[in-house]
Amino acid sequence: MSDLSTTSTQSRPAAAGPDLRSRRADFPILATTNRHGKPLVYLDSAATSLKPQAVIDAADAYNREYSSNIHRGIYEIAERATTAYEGARASVAKLINAPEPAEIVFVRNATEAINLVAYSWGRRNIGRGDSIVLTEMEHHANLVPWQLLVQEKDGDLEFVPITDDGLLRLEVFEVLLHLKPKLVAFTHVSNMLGTVNPVREMTEMAHAAGALVLIDGAQAVPHMPVDVQELGVDFYVFSGHKMLAPTGSGALWARRELLEAMPPFMAGGDMIREVHLRRSDWNEIPWKFEAGTPDISAQIGMGAAAEYLMAIGLDAVRDHEHEMVAYALEVLRRDVPGIELYGPAADRRGGVVSFNLPGIHPHDVAQILDRSGICVRAGHHCTMPLHERFDLAASARASFNVYTIREEIDALATGLREVARIFDR
Amino acid sequence: MDDLYRDYILEHYRRPHNFGVLEAPTTSYEGSNPLCGDRITMMLGISDGVVREVAFTGRGCAISQASASLLTDEIKGKTVAEVEEMTPDDLLDLIGIDISPARLKCALLSLDTVAHALADDAAKQAEAQGQTQA
């Protein structure tokens, strides 16, 4: 990680001035204190993000002013609900530059989106002996659905290994592509290492080998510009709740022709055009995949979150988080003796820093930090194979978002020195 | 200071009692909390219905390891029946600190692992008895 100094000069400190302070005022939870009267230092945004007032208001307005079902009622508030829900779809499509809103399927979260693809596309397209290529750094959500699929279909999983710095070994990926996999599925940004993977390059390689590409964008969409057309991928999934939206919201994007060829995942109301007692015709995309009443207020909130992020500008978001991660790597390494940091240099990572203090379990680290109001994740972050790869039982993780400030990273460093002091006494 | 990290808890974590292996345990069991990566192997030497020897190995947080240290001290010399009767509350009393709900699994892993080791032993004995009767 020798290029820290060069990467930190690339960021723009001026961007984190009054703008950022006023942005923090958008998040009501940041004004709260813990049971010891300490202000909230929220460094667990990779688990779920905080919600700005604009998102809270959008979801709240639905419940207060026009709570009604979508795509059904002929009356005023029902039309308003449908308009808001479909408007949210258009905002989410714009956020990732999807060619058309109809290619956005609303789901509960990225996990559901991957399961949808595994069940619907996977069951139709994966057969005996077919292989799917994943990587060693996948979240369980982009691993277990594929395990179930290949167990059922007698297919195979292959894994792109990683270097000790947490980068995918593309030379091995190239070899695995000789197996002519049907699908390559991997994360855009690792939720443990923070690694930003070269999606476009790997997608080109996969397509040249005849595979489709699914990207888990849960840790990417809220943190950097994502353009699915420019990336050239086939499926892109993400959660709303990690991008400043309420829990219960998420999206699958896929190319129209893929979605049209895929059979329904769940069946019921809203996903049909005509129902007879013994057969039915499916609705158009995306509604074909949206059986039953969805979490309407959450998805409306997700639309508001997309607008909020676009108003800041995703380039500015990326620059800010890059500045935070470079600062964190620098401060933690300098001020916390013995700290073990995992993952690549700042210029190859998103706003995630996983670490351990030698001889101290991350649960103890997190518990002591909690007294100071500092929230970090401790555990395996739903990446058990990745922890095995590094021979770790668990790790602690600090992760950032648009509202993170340097003072919070300073507080983390101070808190970690306190943890070490308690255990060394 | 921090209620959870009192000196004696940290002392048990740093220098756990009964940490090591038994050459020929009557029964042993490896318990784990996969969510946090706590892992404990309990080894018991039982004769005439009494826990004569006990040892454990493992890794995990201060709470889980201190709990195992305290528990192994407690059960050494007790009858199997007495150990089987121990409840989670008995162990929490022994640990003597307030454990938050999120950390209960860490604190109780040691007792859960001992219970599994004893259940395995009981099953083995029942099987052996069945064989001698047959």
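Top line first, the protein sequences correspond to chains A and B. Final position of the first sequence in the numbering used here is 1077; the numbers increase by one with none missing. Final position of the second sequence in the numbering used here is 237; the numbers increase by one with none missing. Glycine is no exception: its CB is placed at the ideal position from the N, C-alpha and C atoms. Model, not experiment: these values are computed from the prediction.
DSSP beta-bridge partners of residue 95 of chain B: One cannot answer for residue 95 of chain B here, as it falls past the ends of chain B, which runs 104 to 237.
Every unbroken beta strand (DSSP E) inside the region 945-1012 of chain A [3 residues or more]: Unbroken beta strand (DSSP E) runs of no fewer than 3 residues, entirely contained in the region 945-1012 of chain A, are found at 992-994, 1004-1008, following chain order.
Interface positions of the region 1019-1052 of chain A facing chain B (Cβ-Cβ less than 7 Å), listed along the chain: 1019, 1020, 1023, 1031, 1032, 1045, 1046
Stretch pair the region 145-158 of chain B + the region 196-210 of chain B: three plus CB contacts closer than 8 Å: no
Simplified DSSP assignment, three categories, for residue 235 of chain B: helix
Environment of residue 755 of chain A [buried if 16+ CB atoms lie within 10 Å]: With 16 or more Cβ atoms within 10 Å of its Cβ, residue 755 of chain A is classed as buried.
The region 113-129 of chain B touching the region 169-181 of chain B, judged by at least three CB pairs closer than 8 Å: With the rule of 3 Cβ pairs closer than 8 Å, the region 113-129 of chain B counts as touching the region 169-181 of chain B.
Beta-carbon spacing of residue 1032 of chain A, residue 165 of chain B below 9 Å: no
Interface positions of the region 181-213 of chain B facing chain E (Cβ-Cβ less than 9 Å), listed along the chain: Included in the structure are the protein chains A and B, with no chain E among them.
Other residues of its chain near residue 730 of chain A: CB distance less than 7 Å, five sequence neighbours each side excluded: The answer, listed in chain order, is 720, 721, 724.
Residue 1043 of chain A, buried or exposed, once every other Cβ within 10 Å from all chains shown has been counted against 16: exposed
Residue 1076 of chain A versus A:1040, A:1010, A:802, residue with shortest Cα-Cα distance: A:1010
Beta-bridge partners of residue 1049 of chain A, as assigned by DSSP: A:1006, A:1029
Same chain, Cβ closer than 6 Å to residue 699 of chain A, five either side skipped, listed in chain order: 1029
Local Cβ density within 10 Å of residue 886 of chain A, reported as buried at 16 or more and exposed below that: Buried, by the Cβ-count rule.
Reference residue 1005 of chain A, options A:974, A:903, A:1019, closest by Cα: A:974
Assigned secondary structure, residue 111 of chain B (DSSP; H/G/I helix, E/B strand, else coil): helix
Span of the alpha helix (DSSP H), counted from its first residue to its last, around residue 735 of chain A: 728-747
Residue 916 of chain A (DSSP reduced to helix, strand or coil): coil
Contact residues within the region 138-150 of chain B, judged by C-beta distance below 9 Å to chain A: 138, 139, 140, 141, 142
Cβ contact check for the region 824-837 of chain A and the region 926-935 of chain A: 3 or more pairs under 8 Å: no
Within-9 Å CB hit, residue 163 of chain B to chain A: yes
Residue span of the alpha helix (DSSP H) that contains residue 1075 of chain A, given as start and end: 1058-1076
Per DSSP, the bridge partner or partners of residue 759 of chain A: Beta-bridge pairing links residue 759 of chain A to A:902.
Given 8 Å, three or more beta-carbon pairs between the region 696-715 of chain A and the region 888-901 of chain A: Remark: three or more beta-carbon pairs, one from each stretch, lie closer than 8 Å, so the region 696-715 of chain A and the region 888-901 of chain A are flagged as touching.
Burial state of residue 1000 of chain A, where buried means 16 or more other Cβ atoms lie within 10 Å: The residue in question, residue 1000 of chain A, is buried, as its Cβ has 16 or more Cβ neighbours within 10 Å.
Distance, residue 219 of chain B Cα to residue 131 of chain B Cα: Roughly 9 Å separates the two Cα atoms.
DSSP state of residue 885 of chain A mapped onto helix, strand, coil: Coil.
CA-to-CA distance, residue 956 of chain A to residue 946 of chain A, given in whole angstroms: 17 Å
Residue 1016 of chain A versus residue 697 of chain A: straight-line alpha-carbon distance, rounded: 20 Å
Bridge partner(s) assigned by DSSP for residue 136 of chain B: For residue 136 of chain B, DSSP records a beta bridge to B:141.
Status (buried if at least 16 other CB within 10 Å, exposed otherwise) for residue 124 of chain B: exposed
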